[in-house]
Amino acid sequence: MPTMTAERRRAEAKREYDAFMADCPSRKLLDRISDKWVALALASLSEGPQRYSELSRRLAGVSQKMLTQTLRTLERDGLVFRVVTPSVPVRVDYELTDLGHSLQETMLVLKAWAEEHMDQVEAARTAYDAAV
1 MPTMTAERRR
11 AEAKREYDAF
21 MADCPSRKLL
31 DRISDKWVAL
41 ALASLSEGPQ
51 RYSELSRRLA
61 GVSQKMLTQT
71 LRTLERDGLV
81 FRVVTPSVPV
91 RVDYELTDLG
101 HSLQETMLVL
111 KAWAEEHMDQ
121 VEAARTAYDA
131 AV
């Protein structure tokens with residue numbers, strides 16, 4: 001078995017996380033963080049820890065099942081931390097981890113871009129639909 005040079009090992013490791021490659025594991029992560037409920041949950045949590053009910057009210061239109069799945073996935077990925085306070089009733093708060101905070105600026109910029117450019121996107125859609 002031939003030995004690999006350090007440069008070749010680095011090149012192979014870098015290639016391992018190239019999202020343009022079909023089998024790159026980072027594609028699954030990109031798929032997950034590009035989900036609308038993930039983006040909105042992270043943007044909401046950027047304002048500080050929130051209870052499930054606060055998130056549910058803030059994310060208008062999200063079902064209980066979808067919000068629960070989203071929060072569990074974010075917790076599994078290390079982006080959100082779940083804090084359980086034993087009380088009656090039990091209090092559960094969600095907050096961003098350091099990893100979640102590292103993504104927060106990107107998500108807030110994306111949310112702001114969508115809000116700022118929605119009129120232009122709607123105009124482009126209308127023009128496209130009229131031409132087709």
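Numbering (the UniProt record's numbering), first residue to last: 1 to 132. Where is the CB? At the ideal position from N, CA and C, for every residue including glycine.
Taking the DSSP output, what are the residues bridged to residue i?
i          : result
residue 50 : 94
residue 81 : 95
For residue i, report the span of its alpha helix (DSSP H) as first-last.
i          : result
residue 19 : Note, residue 19: premise wrong, no alpha helix (DSSP H); not H, not E.
residue 66 : 64-76
residue 31 : 26-33
residue 60 : First-last for residue 60: undefined, no H or E at that position.
residue 38 : 36-45
Can you find the residues in the same chain that come closer than 8 Å, C-beta to C-beta, to residue i, ignoring five residues on each side of it along the sequence?
i          : result
residue 67 : 37, 41, 52, 55, 56 and 59
Apart from the five residues just before and just after residue i, which ones in its own chain have a Cβ nearer than 6 Å to its Cβ?
i           : result
residue 93  : 49, 51 and 83
residue 91  : 85
residue 112 : none
By Cβ distance, which residues of its chain are closer than 7 Å to residue i, with the 5 residues on each side in sequence left out?
i           : result
residue 211 : Residue coverage of the chain in this structure runs from 1 to 132, which leaves residue 211 outside it and unanswerable.
Check: Are at least three pairs of beta-carbons, each pair with one atom in the region 82-95 and one in the region 28-38, less than 8 Å apart?
Finding: no
Margin query: Quick test of the definition: if touching needs 3 or more C-beta pairs under 8 Å, does the region 97-108 touch the region 41-52?
Written below: yes
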